[in-house]
Amino acid sequence: MLKKVLLISSILLSVSGLAMAADPSGAETLAQNSMAPIDYVWVLVCGFLVFFMQAGFAMVEAGFCRAKNATNLMAKNALDFIVASLVFMAFGFAFMMGNDLGGFIGTSGWFLHGENYDVGRYLTFFWQLVFAGTAATIVSGAVAERLKFGAYFVYSFIVIAFIYPIFGHWVWGGGWLSQLPFGAGHVDFAGSGVVHTVGGFVALAGAIVLGPRFGKFGKDGKPKAIPGHSITLAALGTFILWFGWFGFNPGSTFSAHQLRIAVVAVNTNMAAAAGGAMAILIVYLKTKKWDVGMMLNGILAGLVAVTAPCAWIEAWAAVVIGLVAGALVVMSVYFWEGRGIDDPVGAVSVHGINGVWGLISVGLFADGTYGLCTTSEPLVRGLFYGGGFDQLIAQVIGAAVAVTWSFVLGFITFKLMDKIIGIRVTPQEEIKGLDIQEHGTPAYPNFYSNNN
Amino acid sequence: MLKKVLLISSILLSVSGLAMAADPSGAETLAQNSMAPIDYVWVLVCGFLVFFMQAGFAMVEAGFCRAKNATNLMAKNALDFIVASLVFMAFGFAFMMGNDLGGFIGTSGWFLHGENYDVGRYLTFFWQLVFAGTAATIVSGAVAERLKFGAYFVYSFIVIAFIYPIFGHWVWGGGWLSQLPFGAGHVDFAGSGVVHTVGGFVALAGAIVLGPRFGKFGKDGKPKAIPGHSITLAALGTFILWFGWFGFNPGSTFSAHQLRIAVVAVNTNMAAAAGGAMAILIVYLKTKKWDVGMMLNGILAGLVAVTAPCAWIEAWAAVVIGLVAGALVVMSVYFWEGRGIDDPVGAVSVHGINGVWGLISVGLFADGTYGLCTTSEPLVRGLFYGGGFDQLIAQVIGAAVAVTWSFVLGFITFKLMDKIIGIRVTPQEEIKGLDIQEHGTPAYPNFYSNNN
Amino acid sequence: MLKKVLLISSILLSVSGLAMAADPSGAETLAQNSMAPIDYVWVLVCGFLVFFMQAGFAMVEAGFCRAKNATNLMAKNALDFIVASLVFMAFGFAFMMGNDLGGFIGTSGWFLHGENYDVGRYLTFFWQLVFAGTAATIVSGAVAERLKFGAYFVYSFIVIAFIYPIFGHWVWGGGWLSQLPFGAGHVDFAGSGVVHTVGGFVALAGAIVLGPRFGKFGKDGKPKAIPGHSITLAALGTFILWFGWFGFNPGSTFSAHQLRIAVVAVNTNMAAAAGGAMAILIVYLKTKKWDVGMMLNGILAGLVAVTAPCAWIEAWAAVVIGLVAGALVVMSVYFWEGRGIDDPVGAVSVHGINGVWGLISVGLFADGTYGLCTTSEPLVRGLFYGGGFDQLIAQVIGAAVAVTWSFVLGFITFKLMDKIIGIRVTPQEEIKGLDIQEHGTPAYPNFYSNNN
Amino acid sequence: MQKIEAVIRVEKLDEVSEALEKFGLPGMMVTHIEGHGNQKGVVEQFRGREFKVNFIPKIRIEIIVKDQDVEKIVAEIIKIARTGEIGDGKIFITDIKDVIRIRTGEKGDKAI
Amino acid sequence: MQKIEAVIRVEKLDEVSEALEKFGLPGMMVTHIEGHGNQKGVVEQFRGREFKVNFIPKIRIEIIVKDQDVEKIVAEIIKIARTGEIGDGKIFITDIKDVIRIRTGEKGDKAI
Amino acid sequence: MQKIEAVIRVEKLDEVSEALEKFGLPGMMVTHIEGHGNQKGVVEQFRGREFKVNFIPKIRIEIIVKDQDVEKIVAEIIKIARTGEIGDGKIFITDIKDVIRIRTGEKGDKAI
Ligand SMILES: Nc1ncnc2c1ncn2[C@@H]1O[C@H](COP(=O)(O)OP(=O)(O)O)[C@@H](O)[C@H]1O
Ligand SMILES: Nc1ncnc2c1ncn2[C@@H]1O[C@H](COP(=O)(O)OP(=O)(O)O)[C@@H](O)[C@H]1O
Ligand SMILES: Nc1ncnc2c1ncn2[C@@H]1O[C@H](COP(=O)(O)OP(=O)(O)O)[C@@H](O)[C@H]1O
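Chains as they are written, first to last, in this note's numbering: chain H, 1 to 452; chain G, 453 to 904; chain Z, 905 to 1356; chain R, 1357 to 1468; chain Y, 1469 to 1580; chain W, 1581 to 1692.
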């Protein structure tokens, strides 16, 4: 079943004119397709929004962590995009979107050189890069407040060079998962799996290998709260992410000629709202307080979950998917904490768990009105719309592979790093905060903080 | 006079192809109108910017209020968009943009279902939703630091389900105000009235019913300053709002084929600048200090005022409208304070008063070069451009209706809520701050604050 | 050599239809060019992003300065865009883009009036305005924490009315630099020179005339660190700037029909990443700490440097240009400090020095695949691609002129102001902070700060 | 000379300082402390997890007065700071050996 | 009655206050101070420029106790706050003339 | 042993601490307080509304020294902290009963 590959190729072709020799100026591409400008504008503007999610992640993570580690979180969030840019240009992009080798890996396009000096190819690179950067940055939240900065360099490199692009190739680069003989193959519209599940389960591996922060669990093993230093920043970050997600999901049509973008935008929004609503209500029932931190997590959970199905469902389904996501994120946060795993910002619950839920939800709610970035066959249809179990099976397989691949490789990466360079700062440094120890720069030197 | 309705319908038609059966994939819409993609991109991107204004409101309100209520303000600003999304999808959108019933209310499109599963319809919904969310969020500033969180849920519901969409129907949904037999009917390009006047006067009702914050007025009744906790956040929020307004106003053509968008963008910017300049200068003359808070209010006032006229005026008129707005906001802030009404962030002065000014300014400055989202007749022409008093009358009527409708319904809403569930936290809770009492989460636990 | 002028004019013509009489509604422009909407959307959306850079500058400057001056920095950053809007509309735009007089200055378009009431003209104005605002705001960082607010008004006026637009005319308005008889004339794609070098060297003049902040240099003349009050804000600001730069550079094609925008976007990103990487590594080698402040400066340095060449180079060249920029910014920061010049946020090093580097890099790396916002001749070709020294000479001349013009005029401006109105606050006011003295409003009244 | 050191509720500071002003209070130092006493802490929560905060923000005011003024100032503070609820705070009295005014070098009672 | 004023490391606060809790500690005032002693400061840096910070954040706890309780409380604090490294802090003891509970007006030992 | 408690201007802290350093100053505690004395407050404003702030940020330094060192340290502080303008601050001297170094358990003068 090569259909997905062919489809994607034909989209890329029509947009970028890759059939021709490299076209660095864009003149030939425009000559062949006079409607290309609107697609370029759409993809670029959406890509800019996705880039801006880096700021959102930085603010959410800093807000949910303590003031003494805020500089460190800024460093990490800037650095992972820097590493992503350089490494993805060098290898990652080639592994992900290069010429397919046996359904497993891409093999061309190193350093964006030669044939790749082409407007369409650069456009594709830009789009894939901002996604890769997102996957890398997800991890930083789960390993916050205790990972050595040097280890962050190495880990970012490995995620961007191998873990992310190879799995990405399987789903988006024409690899084997996209060609599963069930339904339309494993499908993931904007990356609940490719970006979020992968990021979330590498994050889980990191959190497990690192162990919990000093003081996160009492002597009795009971989890304690370690409040973050700024709800305002966390909320700002969530708004920025919500905003950026309007690039992430609708832009994933990679073409403005898919007017379905309007449906994608609405669905993205509805799931975010539903996720936030559900999360705050559940915690309210439990503690009689309106828990803002959890509401923010719920919003993000809804966004993550709807990322895979957003193009194939109706608005009410987005609401349902979001509500489930909101419930899942709350349960998941308690679940991991209950097992001694410390994820300071809830990255595993938001991205990992709800990434999986998003993939599966495609197999349930896809309503058969839309295809693989095209209005023509094969359309994606799930269980509730008469699609039978086929698509669901493809989704479950894809999800299982995403979880396994990212967790196992993530675990090996962190374990090896720990053996070789040591990944955790000393308890003394952790107590003082990474800002002074690793960076020499407290984030807020003019203010008195209790350094908790 | 059905002209406005017809015009708007024809625009929507050309964009969305509503004449056909529902088109969820967009294939037919594109086939009918090959230029639709650029309009979709324009409307969506502008809609994203309008969404981002939620972050701006959150930052401005938090910055202008005290640290002990910052979590609460984040909660409210996220929550109102959550409620807006869910409720507007369920009822609001149908009341506003559904099939007209007697010029008073829309009656179709519940839950975005059935015929509404259509790319053009979803696009319209998305656009109207981000506007509805703005109207709801305006109120939160005026009732800040003392409203119970539960009451916020209820109030948001009522504004989004009834107050906003019904008035919106009268102006934008083909209702009776748009068909007034004066000038081009009551016109409001991007919502000085529909969004800001309505939001601002519901806010006034809320502030009156709630009463002032503890400590806002001395025993002698003299107003006291209660400084906000972060000028930086307030300024950031203002920049975000200014940025988002470039979606709000230019996007309101609902079509990129209206090249007038360039004029709209310039006018939007000029009024903002003029409003800020006037406000800071006036306060400087009074106190010999360069008052940043008031300058930020002035910028927003200019933006609110130009929202109605922005498509029908020249740049110099935008400057004049902005200058007046900057003066109005300063006077209005002193006016309400002098009457014992406590509006912590100036929402009534910025949105309510300047919304009215914006509506009226159309009747003065509209220069007859542009029509109702179209370059053809009827063009909008005000008093200063030989349009006589006709348009002005239509504007004054619309403004009066907006003020009355929103204030009266807002007042009843808050009064009823107060009777039934009680809307104000206890003085003890107010002193401690809503963050700990309602949410259990101080916004900045690592920092020492004086809890004023 | 009129080619550049003609080319730019023909672009503007095709976009805006200036050949016709003024077209305020856009109807004729659209009739003449049915593809204009996509260009308008592209230019406007990119312009909005450039506007948003104002928020980025505000956050970076505030973050890198002390809490006691944060209100003042917010005031300045809002004010300079206000002044820019009003003054550029009145004079600046006419001087820059009006009918050319002897290659030296533009002479038409005052107050955006008459013939200028035209959609294409307004579009051009909007675009040029957001650039002018950027140039003005660069200076505020270098003169932070000690310049009187009144002086800021005057200086902003002079930069926007004369210094910026006249130089801008020479390069972008058809003036003499664009017609140099070397290579394609002096070229500056998106303003490394016009915006950043000019802003940066006016900043240098300001910093020199003002003298260093109290406490910046010890009695022995050794520079001391004065840490800024929020690394979080500085990082947020950098992310916002990076985001906004995707409007700044790609939007400078002024047309979406130049598919080269994809290449521009990628190059912009790669230089930012490379700049940040180089800066953090260099400082790490020196101090064994991962210096986040310098990394942020490095990112901005990369962005500034790539701004001139971004349309004419390949991605690997952008990486090289960024790496050099990252090294230059570090050396430059130490250099100026070593000479007793106090630039609190590094504006001179980021914008001034790297603006020059960006201009020169065109003469080295331009690869002859793209022309002056067009895919046709003359293509821009530098030394490393067989272009010989011609283009390099044009670039060096332009850079030298930019430095001289802006530094000399900046110096005269600040000196004169100092003589006439006095530009520096008293030492007592400086110690207490400008917030209370000039604005009456501490930025963070709820928090304890050490007022350092 | 003695030092009156009073721990009071945060919201009472303005009232207390206004009242003392009327006495021609010589001067005052205010610090924000975290107190722990009979008053129990608050339960806060973060991302769904509740926790107990044992320290409660309090205001400490310190006033150095002449021996003869101690009693009336203490009485005034008590009058205003008392609510009758647990957590009203305490007053501690200490002897001060000497006071010097930096500006003038005056010593003892004159420096107060 | 005496005041025990102990300067301790920031990270020792929780442990010390838990331990004292078990003694039925009457109350406590906590302030965040910046200390300067034998312990040398840290080198920080900002935008590539290093600088020395001479003051180190410390916690000061103040407890007013009856004369007979001083010794055991001091011993307990030392037990827990000691790490043996420079910077462990010091304890200062002062006489307190009187204590008054604002809520009840009780005085002396009863007010503690 | 005595405690020297000096309230000084915020901007004088660095100079004072440098000067005392030269005396071989044993140690020091610095707190940021809000003071109220002869010096009048500032007028601030927020969104066009002016208001008076009565408390002025001040620095308090506390130094425990041997009896024989009190005088010269007080003199030094005065020398440096004096500007002659209202608001220079005051110095309060108190007796200290005992000092214990946590790290070693040393007591009295040796612990200073
Ligand atoms: N023995 C003590 N030593 C030091 N501080 C004390 C002591 N007792 C009380 N305090 C301070 O006084 C505050 C109020 O005391 P608390 O016991 O809560 O009130 P009440 O005296 O009304 O029962 C405490 O938060 C604490 O800061
Ligand atoms: N003589 C003193 N006066 C005031 N405070 C002191 C004095 N000596 C020490 N301190 C305080 O105690 C803290 C710890 O003292 P330090 O000399 O660093 O430790 P150690 O006693 O273990 O050598 C200092 O940071 C300072 O706040
Ligand atoms: N009697 C006092 N008790 C407590 N603190 C005092 C007293 N007198 C002065 N202070 C402190 O000293 C600071 C400076 O005193 P002030 O009266 O303003 O200066 P001056 O002594 O030069 O007239 C005040 O802000 C206050 O914190």
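Yeah, the Cβ is synthetic: ideal placement off N, Cα and C, and Gly gets one too.
Can you tell me which of the options puts its alpha carbon nearest to the alpha carbon of residue i?
i	options	result
threonine 865 of chain G	G:Gly593, G:Phe614 and G:Val582	G:Phe614
arginine 146 of chain H	H:Thr369, H:Trp242, H:Ala70 and H:Met294	H:Ala70
tryptophan 176 of chain H	H:Tyr385, H:Gly191 and H:Asp100	H:Asp100
glycine 386 of chain H	H:Ala402, H:Ala317 and H:Phe365	H:Phe365
glycine 1464 of chain R	W:Thr1674, W:Glu1686 and W:Ile1692	W:Thr1674
valine 1224 of chain Z	Z:Phe1288, Z:Val1098, Z:Lys1193 and Z:Thr1191	Z:Phe1288
Across which residues does DSSP place residue i in a beta bridge pair?
i	result
alanine 1283 of chain Z	Rather than alanine, the amino acid found at residue 1283 of chain Z in this sequence is leucine. Leucine 1283 of chain Z pairs with Z:Gly1275.
glutamate 1614 of chain W	R:Val1386 and W:Pro1637
threonine 1450 of chain R	R:Lys1359
glutamine 1625 of chain W	W:Glu1630
isoleucine 1680 of chain W	Y:Ile1559 and W:Lys1687
phenylalanine 899 of chain G	H:Ser449
If contacts are defined as beta-carbon pairs under 8 Å, then residue i and residue j qualify, I think. What distance do you get, rounded to the angstrom?
i	j	result
aspartate 1678 of chain W	glutamine 1582 of chain W	In fact, because the Cβ distance is near 12 Å, the residues do not count as touching under 8 Å.
proline 830 of chain G	alanine 636 of chain G	5 Å
valine 591 of chain G	phenylalanine 503 of chain G	So it is not a contact: roughly 18 Å between Cβ atoms.
alanine 1039 of chain Z	tyrosine 1068 of chain Z	5 Å
Is there contact between the region 75–92 of chain H and the region 246–259 of chain H, where contact requires at least three CB pairs shorter than 8 Å? no
Check whether the region 886–903 of chain G and the region 1397–1414 of chain R are in contact - that is, three or more C-beta pairs closer than 8 Å. As far as the Cβ criterion goes, the region 886–903 of chain G touches the region 1397–1414 of chain R, which means the pair count is three or higher.
Count the CB pairs spanning the region 217–237 of chain H and the region 348–355 of chain H that are closer than 8 Å, and state whether there are at least three. no
With a threshold of 8 Å, are at least 3 pairs of Cβ atoms found where one atom belongs to the region 1085–1103 of chain Z and the other to the region 1135–1145 of chain Z? Short answer: they don't touch.
Does the contact criterion of 3 or more C-beta pairs under 8 Å hold for the region 804–814 of chain G versus the region 775–782 of chain G? yes
Check whether the region 1231–1240 of chain Z touches the region 1176–1185 of chain Z, taking contact to mean three or more Cβ pairs, one atom from each stretch, closer than 8 Å. yes
Positions along the region 1322–1349 of chain Z whose CB lies within less than 8 Å of some CB in chain B: The question asks about chain B, but that chain is absent: this structure's protein chains are H, G, Z, R, Y and W.
Where in the region 664–728 of chain G do unbroken runs of the beta strand (DSSP E), each at least 3 residues long, occur, reported from the N-terminal end onward? You should have found no qualifying run.
Going along the chain, which unbroken runs of the alpha helix (DSSP H) with 4 or more residues stay wholly within the region 987–1063 of chain Z? 997–1001, 1023–1046 and 1053–1062
I want to know whether the region 1524–1541 of chain Y touches the region 1471–1480 of chain Y - three or more CB-CB distances under 8 Å. yes
Count Cβ pairs between the region 1409–1419 of chain R and the region 1362–1371 of chain R that sit closer than 8 Å; are there 3 or more? Between the region 1409–1419 of chain R and the region 1362–1371 of chain R there are three or more C-beta pairs closer than 8 Å, enough to call the two in contact.
For the region 566–584 of chain G against the region 490–499 of chain G, are there 3 or more C-beta pairs whose distance is under 8 Å? yes
Touching by the beta-carbon criterion (3+ pairs, under 8 Å), the region 562–573 of chain G and the region 475–483 of chain G: yes
Kindly confirm or deny that the region 298–308 of chain H and the region 187–194 of chain H touch, where touching means at least three C-beta pairs closer than 8 Å. yes
Pairing CB atoms from the region 1238–1251 of chain Z with CB atoms from the region 1299–1316 of chain Z, are three or more of them under 8 Å? no
Three or more C-beta pairs below 8 Å linking the region 1477–1491 of chain Y and the region 1547–1560 of chain Y: yes
May I ask you to verify whether the region 1374–1385 of chain R touches the region 1603–1621 of chain W, counting CB pairs closer than 8 Å and requiring at least 3? Judged by Cβ distances under 8 Å, the region 1374–1385 of chain R makes contact with the region 1603–1621 of chain W, as three or more pairs qualify.
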